Amino acid sequence: MPIGKLYPNRPDRRRTVIVMLRLISTTGFFLLIALSVCNDRTWANDRVYLKTGRILQGKVTEGEAEKGGEFILLTTETGTVYKLDKGDIVKSVLMREKVDTDYKARLRLIKDVATDHIELAKWCEKQTRGKTRFKEQIRWHYENVIRLDPEHANARKKLGYMKLADGNWVAQAEFKTRQGYIPDRRRDWVAGLSKVVAEKDEAYDAKLGAKRKAFNRWLSAAEKGNLQPAVLADICDASTLDLVYQSALNAQYNVEACRVHLDAIATVKTGDAVEGLAHFAIEAPNQDIREHAISLLQSEVDHVTAILYLKGGLKFSNRWHVQNAAFAIAEIASTDDYSRDFAMLPLADSLRTQHEERIAGALAPGRMNTSFGSGGTSFQTGGGPQTQVKEYRNQQSLDALRRLFEADFGFDEQAWRNWYIQNYTLSDLTVRRDE
1 MPIGKLYPNR PDRRRTVIVM LRLISTTGFF LLIALSVCND RTWANDRVYL KTGRILQGKV
61 TEGEAEKGGE FILLTTETGT VYKLDKGDIV KSVLMREKVD TDYKARLRLI KDVATDHIEL
121 AKWCEKQTRG KTRFKEQIRW HYENVIRLDP EHANARKKLG YMKLADGNWV AQAEFKTRQG
181 YIPDRRRDWV AGLSKVVAEK DEAYDAKLGA KRKAFNRWLS AAEKGNLQPA VLADICDAST
241 LDLVYQSALN AQYNVEACRV HLDAIATVKT GDAVEGLAHF AIEAPNQDIR EHAISLLQSE
301 VDHVTAILYL KGGLKFSNRW HVQNAAFAIA EIASTDDYSR DFAMLPLADS LRTQHEERIA
361 GALAPGRMNT SFGSGGTSFQ TGGGPQTQVK EYRNQQSLDA LRRLFEADFG FDEQAWRNWY
421 IQNYTLSDLT VRRDE
């Protein structure tokens, strides 16, 4: 039974011819009639014989009748498509198109010589869609040319051969492989290393995507109070560290949640992870969080590395942060002599620091203030410097030096330096490192 046209909006062939006849001259009329008749004779040339006795004529979809499927599709000249079960078919006769018949006839006439194979290969290439229709035949002919004439340059090039400097021919696949190239599904060939890197990048992106989804699921559960520390620790690695760090910043006013984040960050043994812990040891608004970050730096990180990141806080513009950094360094440096020695000079440098402060009561530029006094009303306008630089003594830095070295030179930075040079020579430091 017909299942309808595959292209329902496509105009009927005969209707198209009628419309065109109205637009062309009388001479063209006879030409179109001739073409239409000729086309009808060559287009609908396949026949399918059904068990009912009915014979359908049209065009069987190319190859369907030979693929071993359970049905075939037959399109009539009017565009009607029949889906026919092979169990209902007695036989089908597929008429070859004229170009196929012509090729068979030419093939029977050629001799097994290079010139004849070349001639027939070129004939195939010149036919309509010939390079696709006769792809296998063309290749077969050129292979025969090479068999008969191994140095035939044109046939070699047609099949993708390349001639090397030593005069030998090599297939493109072999040549590319020698050069370290690898076949790729998106392009013909890519450099071997490039493909390996690309595949690793794809694998990394896939893994990162899965990790990010897992983190989002964890975050949804955490927002409901289910923190799952072990799950977050498994998710947190170098690729997701930024996600966990940003989430920790958002949670820094929730002590329990922030501690879980910091525990996960501490499992990542990278400089970025140490820097993240150092940030919370210095700048976290809650003392419990700062102390927890310090304890993680003590237990999970090389102490000199931790001090290296913490000492940057001694130069912060915020005095409170400077004090916190000095306290954190003292806690970590007290665990071993080498860390203690490494911390000495940064702490001495931070005994006195300068900070910019806004002058109390100063007017911002462009502002005007009105005041009343015994002399009447007066006006003041803003302008000029609104801040001043002031030197401060940092008690936490001094307390750290006293604690670590059991000496006291007050806030005299130079005195601390001189004492350090006299008592901690290069040889002493070398011995301590060896120990």
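For the sequence shown, full-length UniProt numbering assigns the number 435 to the last residue and increments by one with no breaks.
Positions of the beta carbon are idealized from the N, C-alpha and C atoms, including for glycine.
Owing to the predicted nature of the structure, the values given are computational and were not obtained by experimental measurement.
CB-CB length for residue i against residue j, believed under 8 Å
{"i": "I307", "j": "A333", "result": "6 Å"}
{"i": "N324", "j": "R290", "result": "6 Å"}
{"i": "K163", "j": "W169", "result": "6 Å"}
{"i": "A326", "j": "L314", "result": "6 Å"}
{"i": "L159", "j": "A114", "result": "Their Cβ separation, rounded to whole angstroms, is 14 Å, which puts L159 and A114 out of contact at 8 Å."}
{"i": "Y103", "j": "C124", "result": "7 Å"}
{"i": "R319", "j": "Y245", "result": "At roughly 25 Å, the Cβ-Cβ gap does not stay under 8 Å, so R319 and Y245 are not in contact."}
{"i": "V90", "j": "Y49", "result": "4 Å"}
Backbone CA spacing between residue i and residue j [nearest angstrom]
{"i": "G58", "j": "A165", "result": "56 Å"}
{"i": "T52", "j": "V99", "result": "33 Å"}
{"i": "S371", "j": "I359", "result": "Only weak support exists for where S371 lies, its pLDDT of 46 falling under 50; the value from the coordinates is given anyway. Distance between the alpha carbons of S371 and I359: 18 Å."}
{"i": "D205", "j": "E331", "result": "40 Å"}
{"i": "F405", "j": "A343", "result": "11 Å"}
{"i": "D112", "j": "D88", "result": "45 Å"}
{"i": "A264", "j": "A238", "result": "11 Å"}
{"i": "L297", "j": "I235", "result": "20 Å"}
{"i": "E136", "j": "R106", "result": "16 Å"}
{"i": "W218", "j": "L227", "result": "8 Å"}
{"i": "F134", "j": "K213", "result": "51 Å"}
{"i": "E435", "j": "Y424", "result": "A caution first: E435 carries a pLDDT of 46, below 50, which makes its placement in the model unreliable, though a value can still be read off. Whole-angstrom Cα-Cα distance: 15 Å."}
{"i": "A284", "j": "S220", "result": "24 Å"}
{"i": "T305", "j": "G312", "result": "12 Å"}
{"i": "S317", "j": "G209", "result": "39 Å"}
{"i": "V322", "j": "C258", "result": "22 Å"}
{"i": "D341", "j": "Q388", "result": "35 Å"}
{"i": "G276", "j": "A251", "result": "14 Å"}
{"i": "Y253", "j": "K211", "result": "26 Å"}
{"i": "W419", "j": "Q354", "result": "24 Å"}
{"i": "Q396", "j": "K207", "result": "45 Å"}
{"i": "I118", "j": "G167", "result": "23 Å"}
{"i": "L109", "j": "L120", "result": "10 Å"}
{"i": "E202", "j": "A222", "result": "30 Å"}
{"i": "L345", "j": "S339", "result": "12 Å"}
{"i": "F29", "j": "Q127", "result": "For F29, the predicted model reports a pLDDT of 34, less than 50, meaning its position is unreliable; a value from the coordinates is still stated below. For F29 and Q127, the distance between alpha carbons rounds to 28 Å."}
Closest Cα partner of residue i within the set the options
{"i": "D336", "options": "L314, T75, H303, D288", "result": "H303"}
{"i": "E357", "options": "V322, A343, K390, E256", "result": "K390"}
{"i": "T76", "options": "G313, A407, R47", "result": "R47"}
{"i": "D85", "options": "A264, T78, E70", "result": "E70"}
{"i": "N116", "options": "I138, G130, Q252", "result": "Checking the sequence, you will find Asp at residue 116 rather than Asn. It is I138."}
{"i": "N394", "options": "R403, Q386, V60, G410", "result": "G410"}
{"i": "K83", "options": "G276, T387, K131, V60", "result": "V60"}
{"i": "W416", "options": "D349, R403, S295", "result": "D349"}
{"i": "D412", "options": "L398, Q287, G225, R403", "result": "L398"}
Distance CB(residue i)-CB(residue j) smaller than 7 Å
{"i": "Y272", "j": "L241", "result": "A small correction: the amino acid at residue 272 is Asp; Tyr does not occupy that position in the sequence shown. For D272 and L241, yes; Cβs fall inside 7 Å."}
{"i": "A233", "j": "T270", "result": "no"}
{"i": "V231", "j": "V274", "result": "no"}
{"i": "P229", "j": "V255", "result": "no"}
{"i": "L243", "j": "A278", "result": "no"}
{"i": "A153", "j": "I146", "result": "no"}
{"i": "L347", "j": "L401", "result": "yes"}
{"i": "L73", "j": "L56", "result": "no"}
{"i": "A171", "j": "Y161", "result": "yes"}
Alpha helix (DSSP H) segment containing residue i, residue limits
{"i": "D85", "result": "That residue, D85, is in no alpha helix (DSSP H); its beta strand (DSSP E) goes 80-85."}
{"i": "residue 437", "result": "This structure leaves residue 437 out entirely; the chain is present only between 1 and 435."}
{"i": "Q422", "result": "413-423"}
{"i": "Q354", "result": "It is not in any alpha helix (DSSP H) - Q354 instead sits in the beta strand (DSSP E) that spans 352-358."}
{"i": "A273", "result": "271-283"}
{"i": "A155", "result": "153-158"}
{"i": "V255", "result": "255-266"}
{"i": "A121", "result": "114-126"}
{"i": "A240", "result": "The identity of residue 240 in the sequence shown is Thr, whereas the question assumes Ala. T240 -> no alpha helix (DSSP H), and no H or E assigned at all."}
{"i": "F327", "result": "319-333"}
{"i": "A293", "result": "287-300"}
{"i": "N144", "result": "135-148"}
{"i": "residue 475", "result": "Residue 475 is absent from the structure shown; the chain starts at 1 and stops at 435."}
First and last residue of the uninterrupted beta strand (DSSP E) at residue i
{"i": "K390", "result": "387-393"}
{"i": "K163", "result": "161-163"}
{"i": "L50", "result": "46-50"}
{"i": "G53", "result": "Premise fails: G53 is in no beta strand (DSSP E) and is neither H nor E."}
{"i": "T75", "result": "71-75"}
{"i": "V170", "result": "169-171"}
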